[in-house]
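I have placed the structure first, in the form of structure tokens, so that the comments after it can refer back to it.
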Amino acid sequence: MLSWLPEDVSTFGPGIDQMFYLIYYITAATFVVVMALLVAFLIMYRHQEGRRATYTHGNSTLEIIWTIIPALILVMLGFMSKGKWDAIKKNAPPADVQVRVTGKQFNWEVMYPGPDGKFETADDVQFDNDVHVPVNKVVRVLLRSKDVIHSFFVPALRLKQDALPGREIVVWFEVTKPGTYEIPCAELCGFGHSGMKGSLIVHDAAGYEAWMKEKWPAAGGTAAVDRSEPKRG
Amino acid sequence: MSETAAVASTAHAAHEHHEELSFLRHYVFSTDHKMIGRQFLFMGLSFMILGGLLALLVRWELAWPETAVPFMHWVPEPTMYDGVIPPDTYNAFFTMHATIMIFFVVMPILVGAFGNFLIPLMIGTRDMAFPLLNMLSFWIALVAGFIMLAGFFVPGGHAAAGWTSYAPLSANPQYTGVYWGQNLWCISILVLGVSSLMGSINYITTIINMRAPGMQFFRLPLTIWALFIVAILLLLALPVLSAALGLLLLDRMAGTSFFLPAGGGEPLLWQHLFWFFGHPEVYILILPAMGIASDILSVFARKPIFGYRAMAFSMIAIAFLSWIVWGHHMFQSGMNPTLGTSFMISTMVIAVPSAIKTFNWLGTLWGGNIRFTTPMLNALAFVSMFVIGGLSGIYMASTPVDIFIHDTYFIVAHIHYVVFGGSVFGIFAAIYYWFPKMFGRMMNETLGKIHFWGTLIFFNGTFFPMHILGVGGHMRRIYNPKQYAFLHDLQPINVFITICAIGLGISQIPFVINFFYTLFAGPIAEQNPWHANTLEWVAPTPTPHGNFPEQPIVYRGPYEYSSPEVKEDWLPQNRKLEGALRAH
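Protein sequences, first through last, are from chains Y and V. In terms of this note's numbering, the first sequence has 224 at position 224, counting the first letter as 1, and numbering is strictly consecutive. Start counting at 1 in the second sequence, then tack on 1000, and there's your number in this note's numbering.
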């Protein structure tokens, strides 16, 4: 079933997929065992004239066993999840590229700080729906919304984060393969929700340089790489 | 306490004159819990038809986007355009499908109909503690239903912000173009909340104060345990929803900004309030079905329930934990990620009592003498489908996996395995099982089995592939999946799902025929057709106003099947054995 997962091209994506597979194996095995027992019991203990059901009210040892085993497995899954979650959502690495994405009914406004690395200056450039990033670089996205809640979803990166009006939420990613990937909105945002689609265009190093030169001809490109802390707005 | 006693005795006095009731007082404005239960059942089943048709319209759009729906050309513009569903109507359709199924089908049937019908009968008393409040609870629910239906006919269309109605989308009409539709949605659920509060106060009071002599708490059938816990959840959760709805209405109609950031409001506040109600709500929908399935499994396995106390305590644990897991709906909402970890841990923990229940159901079947009647088949389907719904919940509980599957069809699959696979199979099991007591006639087993197998097969055909859609990244609530290249290969699955959904709808026809045919012409049921132990089967059929000709006295728990103390394989709770009064 998991062969239906989309292509996975982010650095943290494989960690998420591993967790997905682990839970898949555990739940599939549990399901098979429970269903096998159920079907076996239904066949073995189907009604027969003259037979009497076993009169028992339970078995404490058994009940303790089947309480503790699931509890241990679930706690283990919890701790494994915590590590991956913290790495993705809490401990972001320093950013190479910074871009501000603002959701509005019904598109994504993509703002680059330009060669000076700072927003709200003259060299900022805004694009509609297209996010251009270099491959193998840490990209920091400052997510905002102008109206309702949207959700920035890049299936190929295993990345999803709601964009809330009234605050800025920082997410990061690093793509491992050049290409073009779709950015649907994953949170119902009105009648145009379905068509709210952006594109993530991942360039190789040379391609990104060329794109920068084209958009900021005066600066020669490289300066748009930015290591400053994100400003809160 | 003395007030309760006074009300009970007044009710008793009223019951002694039941022969004189007019048609209106008997069938319409009845204070008899059994009639009110039947009224809730008819209300819920009627709404189920509407909710089901809305689901089929949504499915048509997803399989064959922007094409005309057959037989729907009569719907006027701007709701539909010659049978084609426009995006805003589509949003209203899935919003109303969920709203109706949750608030006007599953709650009225499991809590309203079976809660009302079963509580006094199973605990061995004459009626509810507050019969008049009980009648009001039904009529207020019906008013709420009509307010909700009115929303389909107002300009701007019905509420279209999803059943979760996330602010700010729901809080400012300019974002959706929906005006009175969303207002009526809020008002209807506020009114319904009043009805549920009346019901839950009644249930709690009745179960605490009016149990038959000898009916200790640990001799209550698990159905009653479930309904008791659900009533407490309702009592504590609904006021939170009502408060949130009040704030939302003020934002919409009075210009406040509780949820609108432009005026200093906080959109996440709505989500916290909504899910603080919303997660207990999920257990309100599933716990009664768990109780019902436990009772039915025990009856038809002819075996005591395995681990009775563990079953009761695990329901209590689920109810308690349900208050501290709401944030798992909000992992990607912008809520602090550290808080996300806390909610993940509590969510992992709540899976444990669910696992205990599943293994205890298996334990109940082990060594039984199992009869595959229609109610038993539906109860077994409940167990198997609940296993899938419970296991799929673990994926969402894991925060990193949830990053990917949140707001995809994986969630849609999960909720339907819990609420359809769980609650609705529970409803069918309960209807087939208690029909002889409710209406005095036996439903047809052949039609029942056709209905069961059709429903089980098409249910899985409809909802299992939704897991695959979710794994593929298919977003929920989108109007046209063909707009996305990465969903292209998944479209045949959407078509398959829709065909199965139509099959699922058609599979309900034998049920409708069986229900109405039996109601008027089915074979007369005996008093205790399933040879069950619980007190409702001690009451005569048809059960008169006042239920029991003489007060039953309870000597034992409800699950003494195949007991060595008697020759038969059942031993009613009220049967006095010669010699020692042995209690289990």
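For every residue, glycine included, the Cβ atom is placed at its ideal position computed from N, Cα and C. If you're wondering where the values come from, they're calculated on a predicted model, not measured in any experiment.
Interface positions of the region 132–151 of chain Y facing chain V (Cβ-Cβ less than 7 Å), listed along the chain:
D147, V148, I149, S151
Would you say Y/Y25 reaches chain V, if we count a Cβ-Cβ gap shorter than 7 Å as a contact?
no
V/F1463 versus V/N1378: straight-line alpha-carbon distance, rounded:
17 Å
What's the gap between the Cα of V/P1131 and the Cα of V/E1550?
20 Å
Reference V/V1105, options V/P1076, V/F1047, V/S1562, closest by Cα:
V/F1047
Proximal chain V residues relative to Y/D162, where beta-carbon distance stays under 7 Å:
Q1332, S1333, G1334
Simplified DSSP assignment, three categories, for V/P1239:
helix
In this structure, how does DSSP classify V/N1514 when only helix, strand and coil are distinguished?
helix
Which two residues bound the contiguous alpha helix (DSSP H) that contains V/H1097?
1087–1099
So, using beta-carbon positions, are V/I1356 and V/A1301 closer together than 7 Å?
no
What residues of chain V sit near Y/K104, judged by a beta carbon separation below 8 Å?
In chain order: nothing, as chain V lies at least about 11 Å away.
Is the beta carbon of V/L1535 less than 7 Å from the beta carbon of V/G1124?
yes
Tell me which residues share the same chain as V/I1585 and place their Cβ nearer than 6 Å to its Cβ, disregarding the 5 neighbours each side in the sequence.
It is not possible to answer for residue 1585 of chain V, since the shown part of chain V is limited to 1001 through 1584.
In three-state terms, what does DSSP make of V/S1170?
coil
Could you check whether the region 138–147 of chain Y touches the region 89–106 of chain Y, counting it as contact only if at least three pairs of C-beta atoms, one from each stretch, sit closer than 8 Å?
yes
Is there at least one Cβ from chain V nearer than 7 Å to Y/E182's Cβ?
yes
With Y/F41 as the anchor, note down where its alpha helix (DSSP H) starts and where it stops.
13–44
For V/F1276, the first and last residue of its enclosing alpha helix (DSSP H):
1267–1301
Which residue's Cα is closest to the Cα of V/M1442: V/F1516, V/K1576, V/N1369, V/P1065?
V/F1516
How far does the alpha helix (DSSP H) with V/N1494 in it reach, from first residue to last?
1491–1506
Using the rule of at least 16 other Cβ atoms within 10 Å of the residue's Cβ for burial, across every protein chain shown, is Y/K89 buried or exposed?
buried
Assess contact between the region 1453–1461 of chain V and the region 1394–1407 of chain V, defined as three or more Cβ pairs (one per stretch) separated by less than 8 Å. Is contact present?
no
Would a C-beta distance cut-off of 7 Å place Y/W216 and Y/H132 closer than the cut-off?
no
Where V/V1084 sits in the DSSP three-state scheme:
strand
Do you know how far the Cα of V/S1022 is from the Cα of V/A1521?
24 Å
Measuring alpha carbon to alpha carbon, tell me which of Y/L157, Y/V34, Y/Y45 ends up nearest V/L1365.
Y/Y45
With burial defined as no fewer than 16 other Cβ atoms inside 10 Å of the residue's Cβ, what is the status of Y/N91: buried or exposed?
exposed
DSSP three-state assignment for Y/T54, whether helix, strand or coil:
coil
Can you tell which of V/I1502, V/A1381, V/F1228, V/A1254 has its C-alpha closest to the C-alpha of V/M1122?
V/F1228
Between the alpha carbons of V/K1437 and V/T1541, how many angstroms are there, rounded?
6 Å
If you drop the 5 nearest sequence neighbours on each side, which residues of the same chain put their C-beta closer than 8 Å to that of V/F1218?
Y1308, R1309, A1312, G1557
Taking Cβ-Cβ distances shorter than 7 Å, what residues in chain V pair up with Y/T176?
Chain V residues near Y/T176: none, gap ~17 Å exceeds 7 Å.
Does chain V have any CB closer than 7 Å to the CB of Y/S10?
no
Between V/N1134 and V/H1033, how many whole angstroms is the CB-CB distance? I'm expecting something under 8 Å.
6 Å
Helix, strand or coil, according to DSSP, for V/T1462 in the structure here?
helix
Which chain V residues sit within Cβ distance under 7 Å of Y/S81?
M1344, S1398, T1399, P1400
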